[in-house]
Amino acid sequence: MQDIRSFFRDPVGGSSKRKVVDEGRDDGSNKKLKPPPETKSLHPFFEVKHGRRPTGATSEEAGPSSSRAQGQGKDFTFSLDSPLPTPESMFTTSSGLTITKLNKSLDLLYWSNFIATPDHAAALYSYLLHNLAWHRVKYYKEKFKQSFSTPRWTTTFGRDDGEDPDTTYERRPVPVPPVLKQVQSQIEARTGQRFNAIIINFYADGKDSISYHSDDESFLGPNPAIASLTLGTPRPFLLRRKENAPPAQSSPEELTQKDRPSVLQPVLPSSSRAIQRPTYRLPLPPGSLLLMKGRTQHEWEHSISKSTAKGGAAVAGYGGRMNLTFRLVKKRGGTENFIRYNRGDGPQHRWDGSKMVEAGGGL
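Under full-length UniProt numbering, the residue at position 225 of the sequence shown is numbered 225, and the numbers go up by one with no gaps.
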């Protein structure tokens, strides 16, 4: 296996000239963001050669788009401004598995190991977790006359292809950084789709979730294709037919395959009403890629439910899951929407190795 350390080497001339503003408070004191502790299972993949610092730079001047971790008496700096020098070996070259139901109303393309090895997936997960700035967006729903907080951590990059300058947007778009741009390019090459925006969700534990929904907004076009790359701890991913979806029957091709083993597992209905709404569970291990396309968003919805213990309580200690979702935004309103609900106007947070803390820096 090619050493993943080469993928994250911080080249000379990166973003290290910009000063980090890590002034987040954890307990109300003037306490700086703690460096992430060493993670034994991931540390060897991030042990990189020291890059030269600019003249006069101190250890605190790592740049707003970089993260510093300490372990075994050495400093390690990783920069989101650094592209992956040779990303091809990180990704599978195999074709995805086609999965359809009800005459292709559910139309999926699936790779269980789009990222070639668990080690590569784990390294990318840790790298992004420590480098990104995360947001817990609050918003007001007129229908309920109250405010809500998004039950997961989010961020977003990219924008529509329009000619409006970034400065004219209510909240300025953030360009896709090189390391994510190259992941996007690999996904585009395998799926045959084009994307211009990324939403990243981080489910820190079993309490974080996203309810049943579909990505069928008009600014995504009539039959949007959405790719989702999973990193971290697997969580149950459910697909459910919409209540108002038109009647549909399985195609002859689907009927001939019904007795074959499938990664798409049916969920037993809990009521007579649920019988009319087929529901499936799809395993999404770390490094897997799922492309939802065709009529999927118009006739189906999906969710990541809370992970609960036997007593029914959400499991706070459940491992973190991250998914990177790639979309093609066709209107300015889509860019505005993505930034409003995935960055918002509240404080940003950083991962300190065990929890999120309010802090500057990151991307």
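Ideal Cβ positions, reconstructed from N, Cα and C, are used throughout, including at glycine.
message: In the DSSP output, which residue or residues are listed as bridge partners for I200?
response: Locating residue 200 in the sequence shown gives position 200, counting from the first residue. I200 pairs with T155, L324.
message: Taking its Cβ as the centre, do 16 or more other Cβ atoms sit within 10 Å of Q257, making it buried, or is it exposed?
response: Here residue 257 refers to the residue found at position 257 when the sequence shown is read from its first residue. Burial call: exposed.
query: Considering only residues of the same chain and omitting the five flanking positions on each side of Q265, which have a CB-CB separation below 7 Å?
result: As a working mapping, residue 265 is identified with position 265 in the sequence shown. Excluding residues within five positions, the ones whose Cβ falls inside 7 Å are Y280, R281.
- prompt: Terminal residues of the continuous alpha helix (DSSP H) containing S126?
  reply: In the sequence shown, the residue the question calls residue 126 occupies position 126. S126 -> alpha helix (DSSP H) spans 118–131.
query: Taking the alpha helix (DSSP H) that A227 falls in, what are its first and last residues?
result: The residue given as residue 227 occupies position 227 in the sequence shown. Per DSSP, A227 belongs to no alpha helix (DSSP H); it is in the beta strand (DSSP E), 226–232.
field: S211 versus F195, V176, K306, residue with shortest Cα-Cα distance
entry: In the sequence shown, the residue the question calls residue 211 occupies position 211. The shortest Cα separation from S211 among F195, V176, K306 belongs to K306.
- prompt: Beta-carbon separation of A225 and L180 under 9 Å?
  reply: For this step, residue 225 is matched to residue 225 along the sequence shown. For this step, residue 180 is matched to residue 180 along the sequence shown. Not a contact, by the Cβ cut-off of 9 Å.
- request: Could you check what DSSP says for T256 in three-state terms: helix, strand or coil?
  value: Mapped onto the sequence shown, residue 256 falls at position 256. Here T256 sits in helix by DSSP.
message: Quick check on DSSP: helix, strand or coil for R52?
response: Walking along the sequence shown from the start, residue 52 turns up at place 52. Note on R52: pLDDT 32, under 50, position unreliable in the model; the coordinate value appears next. Coil, per DSSP.
query: Where do the ends of the beta strand (DSSP E) carrying V174 lie?
result: Counting from 1 along the sequence shown, the entry for residue 174 is found at position 174. Where V174 is concerned, there is no enclosing beta strand (DSSP E), given that its DSSP letter is neither H nor E.
Euclidean distance between Cα positions of D166 and S228: Taking the first residue of the sequence shown as 1, we reach residue 166 at position 166. Taking the first residue of the sequence shown as 1, we reach residue 228 at position 228. Cα-Cα distance, rounded: 26 Å.
task: List the DSSP bridge partners of D107.
output: The residue given as residue 107 occupies position 107 in the sequence shown. In the DSSP output, where bridge partners are listed per residue, D107 has T100, K293.
query: Do Y341 and T92 come within 9 Å of each other at the CB atom, strictly closer than that value?
result: By 1-based counting over the sequence shown, the position of residue 92 is 92. By 1-based counting over the sequence shown, the position of residue 341 is 341. Contact: no.
query: In or out: T98 buried (at least 16 other Cβ within 10 Å) or exposed?
result: Counting from one through the sequence shown, the residue named residue 98 turns up at place 98. Classification of T98: exposed, given that the 10 Å Cβ count is below 16.
- prompt: Of the choices R172, I187, P177, A122, whose alpha-carbon is the least far from that of S94?
  reply: Numbered from its first residue, the sequence shown carries residue 94 at position 94. Checking every option, the nearest Cα to that of S94 belongs to I187.
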